[in-house]
Amino acid sequence: MNDSSIILDSSDKIQAFEALLSSATAETLTLSDQHVSFLLTRQKGDEDSNASGTKSQEDSKNEKSLLKMTVIPAHKELLSSTLVAQDTKSPEHNGTNDADAIKSSRNLIAVFLSQYEYQLTNESGAEYSYFLATPKCAETAHAKRLEYISSTLEEPPLYTGKFNIELISPASERQIARAMPSPGRSLTIETSEIYEKVTKPYIQDIVNSGSLSWVQNIISGKKEKERLLFENDEWILNIDTKWRSHPDPLTIPRTEWQKKTLAIADLYCLGISKHSDVTSIRDLRRKHLAMLQSMYKQGLKTIRELYGVEPSQIRVFAHYQPQFYHFHVHFTRLHNEIGCQVERGHLLTDIIQNLESNDEYYKNRNIAYVLSHNDKLFSLIETARSEGKFKIQDDDMLMNG
Numbered sequence: 002m003n004d005s006s007i008i009l010d011s012s013d014k015i016q017a018f019e020a021l022l023s024s025a026t027a028e029t030l031t032l033s034d035q036h037v038s039f040l041l042t043r044q045k046g047d048e049d050s051n052a053s054g055t056k057s058q059e060d061s062k063n064e065k066s067l068l069k070m071t072v073i074p075a076h077k078e079l080l081s082s083t084l085v086a087q088d089t090k091s092p093e094h095n096g097t098n099d100a101d102a103i104k105s106s107r108n109l110i111a112v113f114l115s116q117y118e119y120q121l122t123n124e125s126g127a128e129y130s131y132f133l134a135t136p137k138c139a140e141t142a143h144a145k146r147l148e149y150i151s152s153t154l155e156e157p158p159l160y161t162g163k164f165n166i167e168l169i170s171p172a173s174e175r176q177i178a179r180a181m182p183s184p185g186r187s188l189t190i191e192t193s194e195i196y197e198k199v200t201k202p203y204i205q206d207i208v209n210s211g212s213l214s215w216v217q218n219i220i221s222g223k224k225e226k227e228r229l230l231f232e233n234d235e236w237i238l239n240i241d242t243k244w245r246s247h248p249d250p251l252t253i254p255r256t257e258w259q260k261k262t263l264a265i266a267d268l269y270c271l272g273i274s275k276h277s278d279v280t281s282i283r284d285l286r287r288k289h290l291a292m293l294q295s296m297y298k299q300g301l302k303t304i305r306e307l308y309g310v311e312p313s314q315i316r317v318f319a320h321y322q323p324q325f326y327h328f329h330v331h332f333t334r335l336h337n338e339i340g341c342q343v344e345r346g347h348l349l350t351d352i353i354q355n356l357e358s359n360d361e362y363y364k365n366r367n368i369a370y371v372l373s374h375n376d377k378l379f380s381l382i383e384t385a386r387s388e389g390k391f392k393i394q395d396d397d398m399l400m401n402g
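For the sequence shown, my numbering assigns the number 2 to the initial residue and increments by one for each residue that follows.
#1: Since serine 204 and tyrosine 326 are thought to touch, with beta carbons under 8 Å apart, how far apart are those beta carbons, to the nearest angstrom?
#2: Under 8 Å between the Cβ atoms of leucine 41 and serine 23?
#3: Compare the Cα-Cα distances from arginine 366 to each of Leu293, Lys390, Pro312, Leu285 and report the closest residue.
#4: Along the chain, where does the alpha helix (DSSP H) containing arginine 305 start, and where does it finish?
#5: What span of residues does the alpha helix (DSSP H) with glutamate 357 cover, start to end?
#6: Curious, which full-length alpha helix (DSSP H) runs of at least 4 residues does the stretch 202 to 239 contain?
#7: Taking only the alpha-carbon atoms, compute the straight-line gap between glutamate 59 and glutamine 16 and give it to the nearest angstrom.
#8: Could you check what DSSP says for alanine 369 in three-state terms: helix, strand or coil?
#9: Take alanine 172 as the anchor and find which of Leu290, Lys377, Glu78, Glu128 has the nearest alpha-carbon.
#10: My guess is that serine 274 and histidine 329 are in contact by the Cβ rule of under 8 Å, so how many angstroms apart are they, rounded?
#11: Alpha helix (DSSP H) containing phenylalanine 113: first to last residue?
#12: Pick helix, strand or coil for lysine 69, following the three-state DSSP scheme.
#13: Which residue wins for smallest C-alpha separation from leucine 335, given the options Ser313, Gln176, Thr122?
#14: Hey, how far is the Cα of valine 343 from the Cα of tyrosine 196?
#15: Give the single residue among Ile304, Leu68, Asn239, Lys243 whose Cα lies nearest to the Cα of isoleucine 169.
#16: Does the contact criterion of 3 or more C-beta pairs under 8 Å hold for the stretch 198 to 218 versus the stretch 288 to 307?
#17: Taking just the CA atoms, how far does alanine 266 sit from leucine 251?
#18: Tell me the rounded alpha-carbon separation between glutamate 306 and lysine 226.
#19: Is it true that the CB of glutamate 124 sits closer than 8 Å to the CB of lysine 137?
#20: Leaving aside the five residues before and after aspartate 376 along the sequence, list all residues of the same chain whose C-beta is less than 6 Å from its C-beta, in chain order.
#21: Quick one: residues in its chain with C-beta nearer than 6 Å to the C-beta of threonine 371, no 5 flanking neighbours on either side, listed in chain order?
#22: Does the Cβ of histidine 331 have 16 or more other Cβ atoms within 10 Å, making it buried, or fewer, making it exposed?
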């Protein structure tokens, strides 16, 4: 691919993103000291409105996307007011100002996002894209300011500072559920029976939907080729997009990566299996040991050679439940504890040892994990349990068994 085609692809992606921002309504889902998440909803064009009969009428008319951005204190203070609209949707709020609050919130988000220019920094397969937002020139910002005043009769806040954006467009039902504020969470103990009757069919539906095509694009080298660190017949090692401080793989030569000493502070690499039939640790058997051992040994060796980080400083683990159902392992620095909670993370060394002792260890064992109450899998398990489909009906019986 030549430079002009790269620029064209980037331009098209940015135009599509800006078109989405201008046509979608935005709703704040979560706001923390580090990130804010928006749900973007827009009406599909006529050519996309042919309902297949498997979706609701509303789903056939609307396309939903998720936008997650890093925030600075000024942004958090500004956007905190957009969370007010969340409360107006509860049954306790029936006032006449509810619609005005929601409209004001959406307007503020739209104006905020319109004050920035966007540069595509990376795209991963199908729905994932990453952008850098920088404030627009003073003239453009002034025009947007006047537009805001004329429509609201209020003085808009000043928009400053760069920030990073992760866009999932379109976003699946599961991705939206994971991003939504949760009414609660519960520790689920998944028996082999629960897995076979509920979890496995749930996973297979996701795999069959085609929503994991972006993973195959990465494995085949169609996407993120510049992020590839190692490859053999069974797996690849990539720079994860969560490694925000990593030197730009597209513009900075690999020989200079290690010189960027600050880049290793939030080291994050991803080892992805080439076995499409291995969706999670549940599918692992002894026949996969060679791949797992290579992931561990060669992954650590590659990271040490490229970045100078010793194996004793790297945590290698898999998630269950994983973020996506194609087996992969995470490589992170020890001080980075994101995603390694005991009820979610499984060290690769433990996985290898367990399979060496028992070929069907992960097929038969009980596995505990936390599920949000708005997660579809949680609802499926609870429904099946209430209908008496499991021999063991509750966690107390598991503990006493």
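Here a beta-carbon is modelled for each residue, glycine too, at the ideal position from N, C-alpha and C.
On the basis of the coordinates in this document:
#1: Serine is not the amino acid found at residue 204; the sequence shown has isoleucine there. That pair is a contact at about 5 Å.
#2: Taking 8 Å as the cut-off, the Cβ atoms of leucine 41 and serine 23 do not count as close.
#3: Residue Leu285 holds the alpha-carbon nearest to the alpha-carbon of arginine 366 among Leu293, Lys390, Pro312, Leu285.
#4: Residue range 290 to 308 is occupied by the alpha helix (DSSP H) that includes arginine 305.
#5: Per DSSP, glutamate 357 belongs to the alpha helix (DSSP H) from 349 to 358.
#6: If we require 4 residues or more, the alpha helix (DSSP H) runs fully inside the stretch 202 to 239 come out as 214 to 221.
#7: Because glutamate 59 carries a pLDDT of 49, less than 50, the predicted location of this residue cannot be relied on, and no value is offered for it.
#8: In this structure, alanine 369 counts as strand in the three-state DSSP scheme.
#9: In terms of Cα proximity to alanine 172, the closest of Leu290, Lys377, Glu78, Glu128 is Glu128.
#10: Separation of the CB atoms of serine 274 and histidine 329 is rounded to 7 Å, and the pair is thereby assigned contact status at 8 Å.
#11: Counting along the chain, phenylalanine 113 sits inside the alpha helix (DSSP H) bounded by residues 99 to 115.
#12: Secondary structure at lysine 69: strand, using DSSP grouped into helix, strand and coil.
#13: Among Ser313, Gln176, Thr122, the Cα nearest to that of leucine 335 belongs to Ser313.
#14: Going by the C-alpha atoms only, they are around 20 Å apart.
#15: Cα-wise, what sits closest to isoleucine 169 is Leu68.
#16: As far as the Cβ criterion goes, the stretch 198 to 218 does not touch the stretch 288 to 307, which means the pair count is below three.
#17: Approximately 20 Å between the Cα atoms of the pair.
#18: If I take the Cα positions, the gap works out to 19 Å.
#19: Result no, Cβ atoms of lysine 137 and glutamate 124 do not sit closer than 8 Å.
#20: Cβ within range, chain order: Ala178.
#21: For the record, residue 371 in the displayed sequence is valine; it is not threonine. Excluding positions up to five away in sequence, the list reads Arg186, Leu188, Glu344.
#22: When all chains shown are included, histidine 331 counts as buried.
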